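Asks:
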């Protein structure tokens, strides 16, 4: 019916548009129409009624009467691949797509390497896509991972599941991962991990020293927070036993995403067949990372605990299902949370006044109250707006649809350009400015300086939104609070650190942080 309404609205003449308010135009009520019309307008009403009946009996396939999305001009056979490579290739995909949106509009179609997709830059259409994505939404999986899983005969976790299998396990995990109040399951282990990170940094740096290996250390902290959450109260006393595994995993993990990005602009099947260096490096890093985690999970089960792992087992997830789901949790959490926190520390380290304001806001708060603090919540939202860890959200729609006035066939790949919409002045005034207080709600319940909040979707929306959202927000908030209580952080990069893609958003160069220890003894 949404398709029929959209089709009908496009068929109306401009004279009809004047006659109706938005609410009336979506109802097509003849009685209301006749009450507002007379003379020649009654004739228009009769035509509308006739048109309504015709549309009511027309099949959904009439969406094909809508135009196809515009496409950039390219060369025969090669399409736009040379323009894409000249713009920076896979590392600069988000910038290339943003320029195409400015050239072609909010909806367009393009072929990026071996992938053909429709790109969407519209918060209104984002919400519509999530409404019609179906009960078991399907998303894009990088071809290198699909080929690797086939080559190794691996069954993987939630990210790789589809259909009823995905729905079964997602419903179970929703019960534990998306709790309204994460205190019981998440707060204690995440607070322990944050305190462990701070103690490590105290030992490493004197006042004014530059922190070394920030990326690797945040990887390790993120993995440890995930492991602590999985194990619960047994984590602390068994921490040393699995510390070496987590350190090795931290050194290996980010390479997987880097090599996947390299393969994204190549036909991965060809790279596999020819055993190109990019493919070989990808396989080696994936083998190592998955091997480490697949040994960790049975070890944690043996050690016991009352954390997320036990909750999952209590819900009936056992044996290989438990291993593959937890394996992908650890891999995903390590990478995404580590890089998100890097961006936030860079932004705070470049804004000393805001950093002091955050210190004053959280210095005396308990862990539970930190999670409710408006400023720290705004900092997380704003950093993820400027540097979304996933600059594109992917979906395949289950039926023929009309998106933004264009026909989208069933099964076509949609890429939601959230990096573009997050930095669009039509959605966020002063879009390139880091302003966490724009996310503070006013007395009428609206955000202070946000026009379209759904233009920024760091965790997606709908039934396939990020299942680890609550855990990630808890982990980051508690770590930021503990760090600003302990240190004054200064970003010392002389040149701008830009966003590049290694499948996810990463800094273009190492972020340099200078730490000065505070004398604060509160809490």
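In the UniProt record's numbering, the protein residues as written are 1 to 523.
Virtual Cβ for every residue (Gly too), placed ideally from N, Cα, C.
Note that this is a predicted model, so its numbers are computed, not measured.
Less than 7 Å separating the beta-carbons of residue 487 and residue 461?
Replies: Contact flag unset, no.
Asks: Distance, Cα to Cα, residue 385 vs residue 455?
Replies: Computed Cα separation, rounded: 9 Å.
Asks: Who are the near neighbours of residue 474 in its chain, counting only those whose CB is closer than 7 Å to its CB and skipping five residues on each side?
Replies: Around residue 474: 182, 186, 187, 190 and 371.
Asks: Just to confirm my understanding: we take residue 506, look at its own chain, exclude 5 residues before and 5 after, and list those with CB closer than 7 Å. What are they?
Replies: Here the set comprises 339 and 500.
Asks: At what residues does the beta strand (DSSP E) containing residue 534 begin and finish?
Replies: Nothing in the structure corresponds to residue 534, since the chain is present only between 1 and 523.
Asks: Which residues does DSSP list as the beta-bridge partners of residue 502?
Replies: BP columns for residue 502 point to 504.
Asks: Note down, in chain order, each residue of its chain lying with its Cβ closer than 8 Å to the Cβ of residue 355, except the 5 sequence neighbours on either side.
Replies: Once the five neighbours on either side are set aside, the close Cβ partners of residue 355 are 348, 349, 484, 488 and 489.
Asks: Can you grab the Cα-Cα spacing for the pair residue 513 / residue 160, in whole Å?
Replies: The alpha-carbon atoms of residue 513 and residue 160 are separated by roughly 36 Å.
Asks: Just mark residue 359 as buried or exposed, buried being the case when its beta carbon has 16 or more other beta carbons within 10 Å.
Replies: Classification of residue 359: buried, given that the 10 Å Cβ count is 16 or more.
Asks: With C-beta atoms as the reference, is residue 118 less than 7 Å away from residue 412?
Replies: In this structure, residue 412 lies closer than 7 Å to residue 118 by Cβ.
Asks: Determine the direct distance from the alpha carbon of residue 497 to that of residue 279, and round the result to whole angstroms.
Replies: Rounded to whole angstroms, residue 279 to residue 497 spans 28 Å at the Cα level.
Asks: Please state the DSSP three-state secondary structure of residue 3.
Replies: No answer about residue 3 holds up, because its pLDDT of 44 lies below 50 and its placement is not dependable.
Asks: Which of the three DSSP states is assigned to residue 466 in this structure?
Replies: In the structure shown, residue 466 sits in coil (DSSP, three-state: anything other than H, G, I, E or B).
Asks: Considering only residues of the same chain and omitting the five flanking positions on each side of residue 343, which have a CB-CB separation below 6 Å?
Replies: If we look at residue 343 and ignore the five residues flanking it on each side, its Cβ neighbours are 383 and 387.
Asks: Identify whether residue 338 lies in helix, strand or coil by the three-state DSSP scheme.
Replies: In this structure, residue 338 counts as helix in the three-state DSSP scheme.
Asks: Can you give me the C-alpha to C-alpha distance between residue 540 and residue 73, rounded to a whole angstrom?
Replies: This structure leaves residue 540 out entirely; the chain is present only between 1 and 523.
Asks: Decide if the stretch 218 to 229 is in contact with the stretch 326 to 336; the criterion is three or more beta carbon pairs, one per stretch, under 8 Å apart.
Replies: Yes: the two stretches touch, three or more of their Cβ pairs being nearer than 8 Å.
Asks: State the start and end residues of the unbroken alpha helix (DSSP H) segment that holds residue 245.
Replies: Its alpha helix (DSSP H) spans residues 235 to 263.
Asks: Tell me where the alpha helix (DSSP H) around residue 202 begins and ends.
Replies: Run containing residue 202: 188 to 204, per the alpha helix (DSSP H) assignment.
Asks: Would you say residue 226 and residue 330 are within 7 Å of each other, going by their C-beta atoms?
Replies: Contact flag set, yes.
Asks: Considering residue 370, what are the terminal residues of the alpha helix (DSSP H) in which it resides?
Replies: Note, residue 370: alpha helix (DSSP H), 367 to 370.
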